[in-house]
Amino acid sequence: MSMSPEPRADDRLIMLISRWLARHIGNAELERGLAESDRGELAPGQLEAVDELTEHLKGAAPGERGELEMIARETLEALALSV
34 MSMSPEPRAD
44 DRLIMLISRW
54 LARHIGNAEL
64 ERGLAESDRG
74 ELAPGQLEAV
84 DELTEHLKGA
94 APGERGELEM
104 IARETLEALA
114 LSV
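Residue numbers are given in the working numbering: position 51 of the sequence shown equals residue 84, and the series is strictly consecutive.
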């Protein structure tokens with residue numbers, strides 16, 4: 034039986050945010066997923082980007098996307114580049 038390694042925190046967050054951008058999940062699910070994520074593995078720039086997205090989500094109305102999409106894309110970039 035092969036054992037696949039557990040995905041890293043940044044990979045899990047990339048999958049989560051990508052699902053939101055593709056409209057497979059809503060704001061509440063994204064906010065919950067971000068809150069439940071293990072941020073201890075993130076680089077300082079990654080953590081800052083995730084925190085910024087989290088703060089904007091807290092103030093967003095259900096279903097609001099506009100500016101959140103830009104911030105989510107910036108967060109994806111920070112996570113992917115491990116900055």
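Backbone N, C-alpha and C define an ideal beta-carbon position, used for all residues, glycine too.
Starting from Ala68 and walking both ways along the alpha helix (DSSP H), at which residues does that stretch end?
Ala68 -> alpha helix (DSSP H) spans Asn60 to Glu69.
Hey, could you find the ends of the alpha helix (DSSP H) Ala113 is sitting in?
That run of the alpha helix (DSSP H) goes Gly99 to Leu114.
So Leu109 and Asn60 are supposed to be a Cβ contact under 8 Å. How far apart are they, rounded?
Approximately 16 Å separates the beta-carbon atoms of Leu109 and Asn60; this is outside 8 Å, ruling out the contact.
Proximity of Leu112 and Leu46 at Cβ, strictly below 8 Å
For Leu112 and Leu46, yes; Cβs fall inside 8 Å.
Mark Leu86 as exposed unless 16 or more other C-beta atoms lie within 10 angstroms of its C-beta, in which case mark it buried.
Flag for Leu86 reads buried.
At the level of alpha carbons, what is the spacing between Ile58 and Arg106?
Distance between the alpha carbons of Ile58 and Arg106: 16 Å.
Go to Gly78, then tell me how far its alpha helix (DSSP H) extends in each direction, as first and last residue.
Boundaries of the alpha helix (DSSP H) harbouring Gly78: Pro77 to Lys91, taken from the DSSP string.
Going by DSSP in three states, Glu74 sits in which element: helix, strand or coil?
In this structure, DSSP gives Glu74 a helical state, which the three-state scheme calls helix.
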